[in-house]
Amino acid sequence: MKRAGLTFAISLLAAIIIAASFSRANPPTGRDWALSLAFVITSWVAAWSLSWIADLVLPKNLSRFIVPAIFGVGIIAAWQAYVITSNIPVVLLPSPSQIGAKFASSLPILGADFVQTIVHAVIPGWLMGCGAGFLTALICDRNDFLKRGLLPLGNLVAALPIVGVAPILVMWFGFDWPSKAAMVVVMTFFPMLINTLAGLNASGHMEKDLMKSYGTSWFTTLLKLRLPAAMPFIFNALKINSTLAMIGAIVAEFFGTPIVGMGFRMSTEVGRQGLDMVWAEITVAALAGSFFYGCLAFAERKVTFWHPSYRR
Amino acid sequence: MVTVRPSPSPLLRNGSPPSPALRERMKKLIPLFTITLAIFVLWYVATIPMNSVLTSSKIASAGGGLWNTLAFSWSEQRPVLPAPHQVLREIWNTVFIVAPWSIKSLVFHLWITLSSTLVGFIMGGLLGIALAIGIVHAASLEKSLMPWIIASQTIPILAIAPMLIVVLGKTGLPEIITKASISAYLCFFPVAIGMVKGLRSPDVMQQDLMRTYNASAAQVLWKLRLPAALPFFFASLKVSVAIALTGAIVAELPTGAVAGIGARLLNGSYYGQTLQIWAALFVAAFAAATLVWLLSKLEQNSLKRMGAQL
């Protein structure tokens, strides 16, 4: 407690001293950049030690949520303080309050972009890609020859820079959202295939032997034993794919798009130096991504409640 | 390699049965070759309908027939779907015929992308290791940091990479560092997660042994935790080097970069140079596969030296 408090006091004091000694010149000088780096480190330590204090003070069941929240709030406060004190140009880094204001004032545009990118491209593409990967994995499971052929290829493709396919898909499916959805399908297919196959092999010999002694069919074994055993792997793929889907849809928009969409907005606003708008879009993307991830984590908890990692 | 051959049975005079190792290998390779071949055949067949927008009138005026269909579908200058041999020829022309320092050479572009990939890979790897060591040693660091490390990955960083490039570019950093920082951001996550798992992998017995030796935290880290984390470390490295390359390519996209695989892709898509896109894509894929292969060789070597039985 004493150490945490002392760390917090010292780092906060250091951050304040550093903030006071910015030259506020435009453009920032080399000394300012060095000071900025020092400010980032000291304010980071301050935010961390604050959450450390919270961790020591609060009861265990509360601290799981509040400690990271305090850390996050501390970082945002430091960001705001940095932008104000260092007089950094808005084209480099807008402050959280500016981003919030822009977010609130351009809700219709953000909503339209959200619908174009997330609702039209990410979600259908994610569903189709994951579904196709899952079905292919089931087919591979029945057909050993296909599995031996596809698994090494799938492993290879998973390591390749697949986003590069985006220009080709835009050429094939046109500028609007179908090409983005196709991109998402391509990106999500292989992780799902590999993970599902790994998951289907995860059930133990004993359990399989038990099923055999019951005389169950392939389908019943799949339903009662192997799919439940594969669920941690499948959810892992779904989570990986939720991020990949966002990336695929947004990157595909860089290669040609109608005048709506999150990727389009980001790349044009960067050109117009409207960095606050770009950050507003990033906020939307981060919120959507976290929500997506949170839903999956919740579903995983409900479905794989038996898994050791959820035991208390 | 030592292979134990079963003594040939009298019934199989001509053509002794293949050794078990060979049979095992064939069992692996034959399906792989078959599937790959099937993909190539499908690819060649698919060029006919895919390119028919461009070729149908030419085929009709040349009198139709299978021969004309194939000839035109497989030799279009800007095909919708190029045939594999066209892509290979383009790769051959841009890799081996042109001088490697010329802007027309894919080697030149690959080097630009690869250099920032590697710088970013090293930066991200070191950051990941540092974070993991911190997290393993300080509980409060884990509590405050871990959720944010995970949250940092729900942001589609690749999508905002171009903006970061523009912003970082204004701070006067050299271009390679700005591009590498994207790769580094992508790399640190798998390394951090894998290393935390790895550093915690020594079991209670081993940790107790260290305690009975009165080892300091630094000694436990150096003599027990780090060696134990090595397999996890390599597994994460293989994941991160692949995404580092992806990051470097995307970082080149909308910033008007003139050199690099990403710039090549973007140029190709602006001017409809399909062959150029496909060639760049295949070279990038080859580079990614090579990097992963190199790391797995390194992994095998170092694990073998540490006495692991593979």
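Residue numbers (my numbering), protein chains in the order written: chain A, 1 to 312; chain B, 1001 to 1310. All C-beta atoms in this analysis are idealised placements derived from N, C-alpha and C, irrespective of residue type, glycine included.
Hey, does B:L1230 have any beta-carbon neighbour from chain A nearer than 8 Å? By one-based count along the second sequence, residue 1230 of chain B stands at place 230. False, the Cβ-Cβ gap to chain A never drops below 8 Å.
I'd like the span of the alpha helix (DSSP H) that includes B:K1223, first residue to last. For the purposes of this step, residue 1223 of chain B is taken as residue 223 along the second sequence, with counting starting at 1. First-last for B:K1223: undefined, no H or E at that position.
Please list the terminal residues of the continuous alpha helix (DSSP H) segment that includes A:W218. For the purposes of this step, residue 218 of chain A is identified with residue 218 of the first sequence, where counting begins at 1. Start and end: 218 to 221.
Given this structure, state the Cα-to-Cα distance separating A:R3 from A:G72, to the nearest angstrom. Residue numbering aside, residue 3 of chain A sits at position 3 when the first sequence is read from its first letter. Residue numbering aside, residue 72 of chain A sits at position 72 when the first sequence is read from its first letter. The alpha-carbon atoms of A:R3 and A:G72 are separated by roughly 21 Å.
Show which residues of chain A have a CB atom less than 7 Å away from the CB atom of B:P1147. On the second sequence, position 147 is the one that residue 1147 of chain B refers to. Simply P68.
Pairwise C-alpha distance: B:I1249 and B:A1263: Locating residue 1263 of chain B in the second sequence gives position 263, counting from the first residue. Locating residue 1249 of chain B in the second sequence gives position 249, counting from the first residue. A direct Cα-to-Cα measurement between B:A1263 and B:I1249 gives close to 8 Å.
Do you know how far the Cα of A:F173 is from the Cα of B:Y1044? Within the second sequence, residue 1044 of chain B is the residue found at index 44, counting from 1. Within the first sequence, residue 173 of chain A is the residue found at index 173, counting from 1. Taking the straight line joining both Cα atoms gives about 20 Å.
Contacts that A:T55 makes with chain B (C-beta to C-beta distance below 7 Å): On the first sequence, residue 55 of chain A is found 55 positions in, with the first residue counted as 1. Residue identity differs from the one stated: residue 55 of chain A is Asp in this sequence, not Thr. Residues of chain B passing the Cβ test: S1140, K1143.
Please name the residues in the segment 193 to 225 of chain A whose beta-carbon is closer than 7 Å to at least one beta-carbon of chain B, in chain order. Taking 7 Å as the cut-off between beta carbons, none of the residues of the segment 193 to 225 of chain A comes near chain B.
By the DSSP assignment, the alpha helix (DSSP H) with B:Y1044 in it spans what residues? Walking along the second sequence from the start, residue 1044 of chain B turns up at place 44. For B:Y1044, the enclosing alpha helix (DSSP H) begins and ends at 1020 to 1050.
Can you find the residues in the same chain that come closer than 6 Å, C-beta to C-beta, to A:T85, ignoring five residues on each side of it along the sequence? As a first step, residue 85 of chain A must be located in the first sequence, where it is residue number 85. Correct list, in chain order: A19, F22.
Runs of alpha helix (DSSP H) wholly within the segment 1098 to 1139 of chain B (minimum 4 residues, chain order): Whole alpha helix (DSSP H) segments, 4+ residues: 1106 to 1137.
Apart from the five residues just before and just after B:T1117, which ones in its own chain have a Cβ nearer than 6 Å to its Cβ? In the second sequence, counting from the first residue as 1, residue 1117 of chain B sits at position 117. Excluding positions up to five away in sequence, the list reads S1183, A1244, L1245, A1248.
In the DSSP assignment, find the unbroken alpha helix (DSSP H) run with A:G204 in it and report its ends. Counting from 1 along the first sequence, the entry for residue 204 of chain A is found at position 204. A:G204: not part of any alpha helix (DSSP H); DSSP gives it neither H nor E.
Would B:I1149 and B:A1192 qualify as a contact pair, given that the criterion is a beta-carbon distance under 8 Å? If you number the second sequence from 1, residue 1149 of chain B lands on position 149. If you number the second sequence from 1, residue 1192 of chain B lands on position 192. Going by C-beta atoms, B:I1149 is nearer than 8 Å to B:A1192.
Interface residues of chain A around B:A1289 at Cβ under 9 Å? Taking the second sequence and counting its residues from 1, the one referred to as residue 1289 of chain B is at position 289. The contacting residues are L156, A159, L160.
Anticipated Cβ contact below 8 Å, A:V157 with A:F190, distance rounded: The residue you call residue 157 of chain A lines up with position 157 of the first sequence. The residue you call residue 190 of chain A lines up with position 190 of the first sequence. At roughly 5 Å, the Cβ-Cβ gap stays under 8 Å, so A:V157 and A:F190 are in contact.
If the cut is a Cβ gap below 8 Å, which residues of chain B does A:S86 touch? For the purposes of this step, residue 86 of chain A is taken as the residue at position 86 of the first sequence. Near A:S86 there are no residues of chain B at all, since even the closest Cβ is about 12 Å away, more than 8 Å.
Residues of chain B with CB under 7 Å from A:V278, in chain order? The residue labelled residue 278 of chain A in the question sits at position 278 within the first sequence. For a Cβ distance threshold of 7 Å, residue set M1163 of chain B lies close to A:V278, ordered along the chain.
Endpoints, the alpha helix (DSSP H) within which A:I66 is located: For the purposes of this step, residue 66 of chain A is taken as residue 66 along the first sequence, with counting starting at 1. Run containing A:I66: 60 to 86, per the alpha helix (DSSP H) assignment.
Can you check whether the C-beta of B:G1125 is within less than 8 Å of a C-beta belonging to chain A? If you number the second sequence from 1, residue 1125 of chain B lands on position 125. No, B:G1125 does not count as interfacial toward chain A.
Could you tell me whether the Cβ of B:V1292 comes closer than 8 Å to any Cβ of chain A? Looking up residue 1292 of chain B in the second sequence gives position 292. Yes, because at least one Cβ of chain A sits closer than 8 Å to the Cβ of B:V1292.
Closest Cβ-Cβ distance between B:S1269 and chain A: below 8 Å? Within the second sequence, the letter at position 269 stands for residue 1269 of chain B. Yes, contact with chain A.
Do you know how far the Cα of B:S1115 is from the Cα of B:I1122? One-based indexing of the second sequence puts residue 1122 of chain B at position 122. One-based indexing of the second sequence puts residue 1115 of chain B at position 115. Distance between the alpha carbons of B:I1122 and B:S1115: 11 Å.
Decide if the segment 247 to 254 of chain A is in contact with the segment 263 to 271 of chain A; the criterion is three or more beta carbon pairs, one per stretch, under 8 Å apart. Contact check between the segment 247 to 254 of chain A and the segment 263 to 271 of chain A: three or more CB pairs, one atom from each, fall below 8 Å, which counts as touching.
At a Cβ threshold of 8 Å, is A:M187 touching chain B? Against the first sequence, residue 187 of chain A aligns to sequence position 187. For A:M187, the answer is no, since every Cβ of chain B falls outside 8 Å of its Cβ.
Verify the CB distance criterion: does B:T1003 have a CB-CB separation below 8 Å to chain A? One-based indexing of the second sequence puts residue 1003 of chain B at position 3. Because the pLDDT of B:T1003 is 42, which lies under 50, any placement of that residue in the model is unreliable, and the question is left without a value.
Buried or exposed: A:R226, going by 16 or more other Cβ atoms within 10 Å of its Cβ? For the purposes of this step, residue 226 of chain A is taken as residue 226 along the first sequence, with counting starting at 1. Buried, by the Cβ-count rule.
Would you say B:K1028 reaches chain A, if we count a Cβ-Cβ gap shorter than 8 Å as a contact? Indexing the second sequence from 1 puts residue 1028 of chain B at position 28. Contact with chain A is found for B:K1028, since one of that chain's Cβ atoms lies less than 8 Å from the residue's Cβ.
Within chain A, the residues that B:I1249 reaches when beta carbons sit closer than 8 Å: Translated into positions along the second sequence, residue 1249 of chain B becomes position 249. The answer, in chain order, is P161, V163, G164.
Taking the straight line between their C-alpha atoms, what separation do you get for A:W44 and B:F1232? Locating residue 44 of chain A in the first sequence gives position 44, counting from the first residue. Locating residue 1232 of chain B in the second sequence gives position 232, counting from the first residue. The alpha-carbon separation between A:W44 and B:F1232 amounts to approximately 28 Å.
By Cβ distance below 7 Å, which residues in the same chain neighbour A:L12 in space, the five residues on each side in sequence not counted? As a working note, residue 12 of chain A is residue 12 in the first sequence. Excluding the 5 residues flanking it on each side, A:L12 has same chain C-beta neighbours closer than 7 Å at A46, in chain order.
On a Cα-Cα basis, can you pick out the residue from A:L92, A:G111, A:F233, A:T304 that is closest to A:W288? Position 288 of the first sequence holds residue 288 of chain A. Looking at the sequence itself, residue 288 of chain A is Ala, so the reference to Trp does not match. In terms of Cα proximity to A:A288, the closest of A:L92, A:G111, A:F233, A:T304 is A:G111.
Taking CB distances under 8 Å as the criterion, tell me whether B:T1034 reaches chain A. If you number the second sequence from 1, residue 1034 of chain B lands on position 34. Closer than 8 Å to some Cβ of chain A, the Cβ of B:T1034 qualifies, so yes.
Sequence-distant residues of the same chain with beta carbon closer than 7 Å to A:W317, five excluded per side: This structure gives no information on residue 317 of chain A, because the portion of chain A shown stretches from 1 to 312.
Here's the rule: buried if 16 or more other CB atoms are within 10 angstroms of the residue's CB, otherwise exposed. What is B:C1187? Working through the second sequence from its first residue, we reach residue 1187 of chain B at position 187. Result: buried.
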